[in-house]
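*Asks:* In this note's numbering, the protein residues as written are 4 to 725.
Glycine included, each C-beta is placed from N, C-alpha and C at the ideal position.
(1) Considering only their Cβ atoms, is the gap separating residue 696 from residue 347 smaller than 9 Å?
(2) With distances taken Cα to Cα, identify the nearest neighbour of residue 48 among 230, 300, 476 and 160.
(3) Do residue 709 and residue 605 have their beta-carbon atoms positioned less than 9 Å apart in this structure?
(4) For residue 270, which residues from the same chain have a beta carbon less than 7 Å from its beta carbon, with the 5 sequence-adjacent residues on both sides left out?
(5) May I have the straight-line CA-CA distance separating residue 716 from residue 180, to the nearest angstrom?
(6) Please report the Cβ distance between residue 264 and residue 356, rounded to the nearest whole angstrom; I am assuming they are in contact, meaning their Cβ atoms lie under 8 Å.
(7) For residue 9 and residue 16, what's the separation of their Cα atoms in angstroms?
(8) Determine the closest residue to residue 624 out of 400, 235 and 643, with distance taken between C-alpha atoms.
(9) State the DSSP-derived secondary structure class of residue 52, mapped to helix, strand or coil.
(10) In the DSSP assignment, the alpha helix (DSSP H) including residue 77 goes from what residue to what residue?
(11) Can you check whether the CB of residue 412 is closer than 9 Å to the CB of residue 98?
(12) Strictly under 9 Å for the Cβ-Cβ distance: is residue 117 near chain D by that measure?
(13) Three or more C-beta pairs under 8 Å: does that hold for the stretch 255 to 264 against the stretch 409 to 429?
(14) Considering only the alpha carbon of each residue, which of 635, 83 and 579 lies closest to residue 3?
(15) Do residue 610 and residue 562 have their beta-carbon atoms positioned less than 9 Å apart in this structure?
(16) Using 8 Å as the threshold, is the stretch 379 to 391 in touch with the stretch 561 to 576, meaning 3 or more CB pairs across them?
(17) Select from 626, 485 and 590 the residue whose C-alpha is nearest the C-alpha of residue 31.
(18) Is it the case that the Cβ atoms of residue 406 and residue 539 are separated by a distance below 9 Å?
(19) Is the distance from the Cβ of residue 71 to the Cβ of residue 176 below 9 Å?
(20) Among the residues of its own chain, which have a CB less than 7 Å from the CB of residue 285, if the five just before and after it don't count?
(21) From 549, 462 and 622, pick the residue whose C-alpha is nearest to that of residue 568; which is it?
(22) Output needed for residue 587: all residues of its chain with C-beta closer than 7 Å, excluding positions within five of it in sequence on either side, in chain order.
(23) State the start and end residues of the unbroken alpha helix (DSSP H) segment that holds residue 707.
(24) Counting Cβ pairs closer than 8 Å, one from the stretch 305 to 314 and one from the stretch 359 to 374, do we hit at least three?
(25) Should residue 268 and residue 215 be called a contact, given that it needs their Cβ atoms to be closer than 9 Å?
(26) When burial is assigned at 16 or more other CB atoms within 10 Å of the CB, is residue 376 buried or exposed?
(27) In whole angstroms, what is the alpha-carbon distance linking residue 523 and residue 531?
(28) Below 8 Å, how does it come out for the stretch 391 to 403 and the stretch 597 to 604: are there three or more Cβ pairs, yes or no?
(29) Okay, do the stretch 248 to 255 and the stretch 83 to 91 touch, 3+ Cβ pairs below 8 Å being the bar?
(30) Going by DSSP in three states, residue 347 sits in which element: helix, strand or coil?
(31) Alpha carbons only, please: which of 492, 231 and 115 is nearest the one belonging to residue 1?
(32) Would residue 128 and residue 120 be called neighbours here (beta carbons separated by less than 9 Å)?
(33) For residue 584, count neighbouring C-beta atoms within 10 Å of its own C-beta (all shown protein chains included) and say buried if the count is 16 or more, exposed if not.
(34) Taking the runs of the alpha helix (DSSP H) that are 4 residues or longer, which of them lie wholly in the stretch 544 to 594?
(35) So, at 6 Å on beta carbons, what are the nonlocal neighbours of residue 313 in its own chain, with the 5 sequence-adjacent residues on each side left out?
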């Protein structure tokens, strides 16, 4: 009786424990890892008699992440960036040891270049750029007073960083590892279920505009984030490296899939607004089998086995859909050419959507094998950054190091070196964040908190203790508190501020000096430089100013230029990835302006519609048979090239006149293609010019959409009676 009655309580305890492990447990495991790696690195640095164990601790705090793949990737690029930075700075010290002004100018130039590189790449390559500038400053600024020690300082810093990197990777891989590979697979499995629900709601016309916009932004963000997971997981798992090409292909196919559905959804919505319910009803029998096939996958993880079964069913559905489209087309009877084009455009997009789903499921199913032919994938995810924005970030960093360095030289402040060094560190670390002023201000708050803890510990506690164990006990609460703040997105800047600056100023060196005035001076320098840096970042060419997201909006429009004129190699993936990366950047920078975000999203939808249709036109023409009706100089192909030039003019310089010219060029291409179109007796898949017509018609509908961000068409000239 007692045993039976105790079972529900035991089950509740087990479930509660599992729930805690998935939520708060993850946080405490991360805190444990940070503390273990930091104290292991500090102990090794002290045992090896390295001059500055605090540098090892700071490195741990920077590279530690909840997932081991990110730790491995950041550690690798930290070592690479540190080696480059140390090499450059030792060279500069050797050249300009006697000239502080020339040294400061050359250091500002180097740090500006590194910061611009970090803003340009915004991935692990960007992190290497950050470290190349920060590490150079870490060596170069102290070396201005003692240039003869620069080389040995560089060696010590490299050894301390290497010890920290080794401890971080070891702890991350051994203590309750949370792998990036598992997160990658989980993201892949869950993403398709969410997209299946999104797709079904759209096909059934139950998707409101707000939900459609939110889903589009979400899937764009996930595509960019998945690429970072793929890059990080390659560092920790050889099996993932064997599948790296398929994972990149899967992400590219998912982006194509979302764009195809977006085009179909937008076209059906336009027909609905025009009251073309008869045409929507005609295409509905072709849509319903796809709805029935995807319904069991709604909000359900797509496993590899599920993907294999889905691929088989989609292959059969593709054949059935062709027959259903032909039947529905015959049932239309005698209708005008505009209705035929609307039907053909819907049918082509639906058929291509099923084909894209089939390709995606085949690639997903192929992940079961270590080696597979779908691994051969020659297209790369290509993030897109605004070169002017990256240049501005570099100029800002260079100006700040000149300003802070000049202040140090003119005032001869004993802690001026730390004042200047910290400003460079902050500028570099926040350069790639969506809102650098906010993160810098939070780090200033973290530095202020660290100064309170650091002064109490450094002046009143450390002189009273002896031994490494006691050092761990008195500093553990501060490090645990800082690591906890790092796990909270709202306080993301406070955590690094507490950890880095407490370790930087308060942890003892191997040759410990009790210097109360120096400690207080250092903390004044740290907090003051943080506050001034945050203010200058917000004032000097601020990175989230309207001019920047307007530049990104311009770059977004120019993705249509890429679709029209870029080489065929990497065309699809380059267009999809670059467009989504720009949207994610610009959407984050315009967070304080809902009107700007709405404008960006409207441009995104138009660019994806027109750009993808242009790419499909190019692919159709590349696959044309070598027959006279399809030659490169026939009128309809010349008209398409003229249309491409008109689209470039429109998206480079949107205006009512350019919009009208583009519409005229599209109409001319449609008229020319109609004259060359194959007879309707042929199946649609056997008639390339008719498929070309469907894409031309879709481009025309997109340009005519009254909800597009394009300027209104010029009013027609009034007709005067004779």
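*Replies:* With the given structure in hand:
(1) For this step, residue 347 is matched to residue 344 along the chain shown. For this step, residue 696 is matched to residue 693 along the chain shown. It is a contact, given that the beta carbons lie within the stated cut-off.
(2) Position 45 of the chain shown, counted from the first residue, corresponds to residue 48. Checked all of 230, 300, 476 and 160; the closest Cα to residue 48 is 160.
(3) Translated into the one-based positions of the chain shown, residue 605 becomes position 602. Translated into the one-based positions of the chain shown, residue 709 becomes position 706. No, the Cβ-Cβ distance between residue 605 and residue 709 is not below 9 Å.
(4) On the chain shown, position 267 is the one that residue 270 refers to. Around residue 270: 348, 349, 352, 701 and 704.
(5) Start at 1 with the first residue of the chain shown, and residue 716 comes out as number 713. Start at 1 with the first residue of the chain shown, and residue 180 comes out as number 177. Looking at the two C-alpha atoms, the distance is approximately 59 Å.
(6) Position 261 of the chain shown holds residue 264. Position 353 of the chain shown holds residue 356. Their Cβ separation, rounded to whole angstroms, is 6 Å, which keeps residue 264 and residue 356 in contact under 8 Å.
(7) Here the question's residue 9 lines up with position 6 in the chain shown. Here the question's residue 16 lines up with position 13 in the chain shown. Bear in mind that the predicted position of residue 9 carries a pLDDT of just 46, short of 50, making it too unreliable to give a figure here.
(8) For the purposes of this step, residue 624 is identified with residue 621 of the chain shown, where counting begins at 1. If we check each option's Cα against that of residue 624, 643 comes out closest.
(9) In the chain shown, the residue the question calls residue 52 occupies position 49. Residue 52: coil per DSSP, three-state reduction.
(10) Stepping through the chain shown from its first residue, residue 77 is reached at position 74. 71 to 99 is the span of the alpha helix (DSSP H), which, as asked, contains residue 77.
(11) Reading the chain shown from its first residue, position 95 is the one you call residue 98. Reading the chain shown from its first residue, position 409 is the one you call residue 412. Contact flag unset, no.
(12) In the displayed structure, chain D is absent; only one protein chain is listed.
(13) Because the criterion of three Cβ pairs below 8 Å is not met, the stretch 255 to 264 and the stretch 409 to 429 do not touch.
(14) One cannot answer for residue 3 here, as it falls past the ends of the chain, which runs 4 to 725.
(15) Your numbering for residue 562 matches position 559 in the chain shown. Your numbering for residue 610 matches position 607 in the chain shown. Closer than 9 Å, so yes.
(16) Counting Cβ pairs under 8 Å, three or more are found: they touch.
(17) Along the chain shown, read from residue 1 onward, the residue named residue 31 stands at position 28. If we check each option's Cα against that of residue 31, 485 comes out closest.
(18) As a first step, residue 406 is located in the chain shown; it is residue number 403 there, counting from the start. As a first step, residue 539 is located in the chain shown; it is residue number 536 there, counting from the start. Result yes, Cβ atoms of residue 406 and residue 539 sit closer than 9 Å.
(19) If you number the chain shown from 1, residue 71 lands on position 68. If you number the chain shown from 1, residue 176 lands on position 173. A contact, by the Cβ cut-off of 9 Å.
(20) As a first step, residue 285 must be located in the chain shown, where it is residue number 282. The residues are 331, 334, 335 and 346.
(21) By 1-based counting over the chain shown, the position of residue 568 is 565. Nearest in C-alpha terms to residue 568, of all of 549, 462 and 622, is 622.
(22) Taking the chain shown and counting its residues from 1, one reaches residue 587 at position 584. Answer for residue 587: 223, 224 and 227, listed in chain order.
(23) The residue labelled residue 707 in the question sits at position 704 within the chain shown. Boundaries of the alpha helix (DSSP H) around residue 707: 691 to 707.
(24) The stretch 305 to 314 is in contact with the stretch 359 to 374.
(25) The count along the chain shown starts at 1 and reaches residue 268 at position 265. The count along the chain shown starts at 1 and reaches residue 215 at position 212. Less than 9 Å divides the Cβ of residue 268 from the Cβ of residue 215.
(26) Locating residue 376 in the chain shown gives position 373, counting from the first residue. Exposed is the call here.
(27) Locating residue 523 in the chain shown gives position 520, where the first residue counts as 1. Locating residue 531 in the chain shown gives position 528, where the first residue counts as 1. Each residue's alpha carbon lies about 12 Å from the other.
(28) When Cβ pairs closer than 8 Å are counted between the two stretches, the stretch 391 to 403 is seen not to touch the stretch 597 to 604, the count staying below three.
(29) Short answer: they don't touch.
(30) Position 344 of the chain shown, counted from the first residue, corresponds to residue 347. Note: residue 347 maps to helix in three-state DSSP.
(31) What is shown of the chain runs 4 to 725, which leaves residue 1 out entirely.
(32) One-based indexing of the chain shown puts residue 128 at position 125. One-based indexing of the chain shown puts residue 120 at position 117. Result yes, Cβ atoms of residue 128 and residue 120 sit closer than 9 Å.
(33) Indexing the chain shown from 1 puts residue 584 at position 581. The residue in question, residue 584, is buried, as its Cβ has 16 or more Cβ neighbours within 10 Å.
(34) Within the stretch 544 to 594, the complete alpha helix (DSSP H) runs of at least 4 residues are 549 to 560, 562 to 568 and 574 to 592.
(35) If you number the chain shown from 1, residue 313 lands on position 310. Same-chain partners within the cutoff: 364.
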